[in-house]
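Residue numbers (the numbering used here): 32 to 1307.
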């Protein structure tokens, strides 16, 4: 309701408005350094409930002021001093006191108010009501049973006790089962339970009303009520009438913001239905109908929700209505709240206070806590909602309180009115330093308090002129803001504040810094789980912040705590964040924060953790069929790497229980698959996901699904037709897997027929996976098919495959064999191919056997090792490498098939041309003097031609990079094996080179080095040097240029050296000279050039035996002081072992009994060999054993072996499988073919007609050598 202003009031306000134009009244926060009125800073809410579970209840009253304010309290309008009650806890320098929950709080219940005062005035708090709730209880009462006739309405009253809202009511039984509510039975807002009409099931003795008070955590129960429904023969229908409200109209008043709840509960039979309308309007959009249509709820009502509402309850017999009138009122709400003001002395001050509400609030003014009527002032006038102070003085400073109230609440506001004159007081500290980043803005403060307000100016670097420009702004609070700071803005700034009472100034320093900038930022990163992630960050910043710069890391906007302990997984070093053992929880956005006191820069990167997919879940089988089932699943998390495939595995319980096998793979975007299954199998399935990281864990298995038996789905595959013997055909196939049987009783039908003739199929039923057809023609084409069958029926019609019956050895040898020499060690062999009709099988290729007959240097023939090369395929020529030059060879060529080798061609002898010799096996320096050196050597083991001489070269090689000219000595006598070089420089190092020569040229070089001596000396023994390039030797230590060795210091300890030699050992003996010293014995086979050294020996021992020597061989023996061979030998001798069997003859072995027995055994064996030769010749043997084997190689060499194609075989003449031992246990190389051969096999197979036969294959004809080597050695 707006009041009419009087003309007098209007004139006064107009005058004041004009005055205010010139004397501004400000509402500011006065610093505490200035005397000021008290201001309440904290107070308790207007209602404080003493809940029983709280420990204490603070009555808060905090304030500020200058001088320090004092506090006092009133309770229910009477003075209340908390300090007089020892049970209350009081805080120092505060008005707050605390009421402890000691169980007796009723005496503290009441309305409190806090007063805060100093010498300038008093502020008051709003009223605080301290409520001590009592524990609500239902009265103890005895309730009579409610007796009602069936079909009649009745109500059960709850009448809950009073308590702290909210109140919640429940109707339940003694067993805490809720009473079912519906259109017929419902609870009203007052808690009563209404029955529209009674039915027989309403009869019970335990209707209980429970009242719950959540804020005090209390639930109370009313005495149980009993209902007895008396049945009747017929229930009369009746029109509705309202059980609540009981009147035709009602009026409801609500405060704005409360919820409107209107209810209409009707009785009648049939049960009435309730409808809601708003008269003249539509129901509010936010309105809801609840409780089976009986309750209308409009939350948070506004003024526009006011009006008339109607409920209508109706059934088929009529209707009942009720009208509600809703009035929405409002508690007080500030329109103009009084503000604190600072005014100059002599100015006029206006204090305004107005509030709205329904009903209109009443305004009450107070000054310093007292009503205005109790504190009159001559210069103060009150006009409705405005107070005017004319020509205000300092004594007019006071706290004015405005209180607006109506029946719905009260508002209270304190306004501090300060009247004072004050020169500028700058509250900002003198000499403040400000840092700003170039390009950013900066705010320099100048907080000034004064009355009247001051004028603020800023200057720079002691300049008298005020700073100004488009980048500078001086704000009302005195602060200077500079936008987009530049380096030139660095300097000292002065803030000057002036008013009528005086002036004041402060200085500030501005420093402009380089910006902080991240120059290397981490990009988004994908990392495998369990590995170490590294995130890089490199920043630039102003160097003046070296001690204040920080580089921090955040994850998902939370700072990462770095504790460098053993359990920490985060480490930062040089700006690199390392995350050890990355897990899924490490995934997120990582932010690098580069920070100085004045600015910061950030860079973020997404870390994605890659892992194998999680196991799929919720596997379900559906669409069950005899041969298929559909499997569905929900994929697991793919962990940032898309699932590319799902792998479906199965396990069956009969053949391999517990063994999971892969069944199917489906693309990663599928989550179901139809699985094709075999019959008669008890399956279960599982699924795992596959992504770029790897394969995830499998899911939990499904339930089992057993398919019914069925005929086989497939026939055997990989059918192989082989012929191991000429008149047989072996048929093998890959059997069906057990899971492919599809049922019990699996067997196979084998059908075959000749391809080249018209004939019917021959059929056989077998259970295994192989079959042998007997009595087949050799190497003929056959058609074969194999069909599977079980108890359920036949498999599909099988495919026909073609194969050949057994192969036989080729019956012809290649013809027109010719040899063409390509060089001294390689020849080209050509031949005419064997006709296919003579192959009797699949052509495997050709083999060439060759052996060396003799060296053309020596006239003696020595049958060398046989060598073989295999050339697969249809060839007519081949190259044979690795031959020895200047030799005579013999070779044969044969073809082979799957059965083996055919006959060899007639042996063809050929010769290889001359070549260059091998290198010399021995080349030594034997005597070194001042101007001469003696050299000895051995001729090459293989001269590869007729030796024409030697080429000896030498040169000076002193320890400088320069070498002397190469001197050449041409030795034309091939029998020369030593040479003396003269006219050499003394104490000089020389290198000697030696090569053997034929007419073709000279062979590879061997070399030796030595150093000539200072003087010519005599030698005790000739020394021996080992050619470094000729043959390996034990390691020797680096040494100075070698001089002629002298006798070692060990010589006095050894006297009278001697040696005794046998065929395989040598006894080296000596006489000890008395001193015990260690030494070694070295010996070398002069043909091989390899030194061997004994273990350490002592001179106290008088002999040493060297065993394991080769018979008839020359050895060099040295006694040396060290465990390596050099020129410092003590003793040297050359010995030659005896030939085997000769050493013991001189001892008269003919008189020994063992010798007589040996001779008898040799005679007996010789007789047996002669008999065998005689039998062999009677059988028509034409060739020697060697020739026969060349033409018909042994069985082992006839088998095809792809691994030997185009490879060398050092000796193919291996004994036959099952052959007898040779007559001689030791046969020299090249004679291994002279053996008695015995071989044969036994087979149990099928004839071509399928009948079973047992055959004994007799032993094949023995081939006995017609030539026995004359040097056969009989075992002792």
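For glycine and all other residues, C-beta sits at the position ideal for the given N, C-alpha and C. As the structure is a computational prediction, the values presented were derived from the model and not from experiment.
In the structure shown, what three-state DSSP assignment does residue 576 receive?
-> helix
Check whether residue 433 and residue 489 have beta carbons under 8 Å apart | no
Report all residues from its chain with a CB closer than 8 Å to the CB of residue 261; omit the five preceding and five following residues, and keep chain order.
-> 178, 179, 180, 181
Pull up the distance between the alpha-carbon of residue 290 and that of residue 283, whole angstroms please.
-> Approximately 12 Å, taken between the alpha carbons.
Exposure label - residue 312; buried when at least 16 CB within 10 Å | exposed
Between the CA atoms of residue 894 and residue 943 - distance to the nearest angstrom | 16 Å
Do you know how far the Cα of residue 148 is from the Cα of residue 379?
-> 25 Å
Going along the chain, which unbroken runs of the beta strand (DSSP E) with 3 or more residues stay wholly within the region 813 to 886?
-> 832 to 835, 846 to 852, 858 to 863, 874 to 886
How is residue 344 classed by DSSP in three states: helix, strand or coil?
-> Three-state result, residue 344: strand.
Would you kindly check if the distance between the Cβ of residue 144 and the Cβ of residue 130 is under 8 Å?
-> no
Between the region 676 to 687 and the region 743 to 761, do at least 3 Cβ pairs fall closer than 8 Å?
-> Taking a cut-off of 8 Å on C-beta distances, the region 676 to 687 does not touch the region 743 to 761, as fewer than three cross pairs fall below it.
Classification of residue 997 by the beta-carbon crowding that lies within 10 angstroms, buried from 16 upward = exposed
Buried/exposed call for residue 544, threshold 16 Cβ in 10 Å = buried
Out of curiosity, what's the CA-to-CA distance linking residue 304 and residue 344?
-> 5 Å
Can you say whether residue 810 is buried or exposed, counting buried as having 16 or more other CB atoms within 10 angstroms of its CB?
-> buried
If you compare alpha carbons, which of 1008, 302, 1115, 308 is closest to residue 347?
-> 302
Residues that residue 449 bridges to, as DSSP identifies them = 373
Taking Cβ positions, are residue 978 and residue 952 nearer each other than 8 Å?
-> no
According to DSSP, which residues form a beta bridge with residue 514?
-> Partner(s): none; residue 514 has no beta bridge.
Element boundaries [beta strand (DSSP E), containing residue 477] | Element bounds for residue 477: n/a, residue is neither H nor E.
Go ahead and label residue 209 buried or exposed: buried means 16 or more other beta carbons lie within 10 angstroms of its beta carbon, across all protein chains shown.
-> exposed
Can you tell me the Cα-Cα spacing of residue 602 and residue 696, whole angstroms?
-> 43 Å
Could you pull the start and end residues of the beta strand (DSSP E) that residue 1018 belongs to?
-> From DSSP, residue 1018 is part of no beta strand (DSSP E); its letter is neither H nor E.
C-alpha distance - residue 1126 paired with residue 911, whole-angstrom precision | Taken atom to atom, the span from the alpha-carbon of residue 1126 to that of residue 911 is near 47 Å.
Beta bridge counterpart(s) of residue 354 as assigned by DSSP | DSSP lists 280, 341 as the beta-bridge partner residues of residue 354.
Report yes if the C-beta distance between residue 152 and residue 430 is below 8 Å; otherwise report no.
-> yes
Go through its chain and collect everything with a Cβ distance to residue 1169's Cβ below 8 Å, but skip five positions before and after it.
-> 1092, 1093, 1094, 1142, 1143
Sort 1044, 1194, 1026, 1030 by Cα distance to residue 1037 and report the nearest one.
-> 1026
Reference residue 631, options 664, 669, 579, closest by Cα | 579
Quickly, what does DSSP pair residue 636 with across the bridge? List them, please.
-> Per the DSSP secondary-structure output, residue 636 pairs in a beta bridge with 621.
Any idea if residue 983 is buried or exposed, counting beta-carbon neighbours within 10 angstroms, 16 or more meaning buried?
-> buried
If residue 981 sits next to residue 1007, beta carbons under 8 Å apart, how far is it from one beta carbon to the other, in whole angstroms?
-> 7 Å
Rounded distance between the beta-carbons of residue 557 and residue 671, thought under 8 Å = 7 Å
For residue 537 versus residue 623, is the C-beta spacing smaller than 8 Å?
-> No, the Cβ-Cβ distance between residue 537 and residue 623 is not below 8 Å.
Buried or exposed: which applies to residue 516, given that a residue is buried once 16 or more other Cβ atoms fall within 10 Å of its Cβ?
-> buried
Supposed close pair residue 708, residue 658 - CB separation, criterion 8 Å | 6 Å
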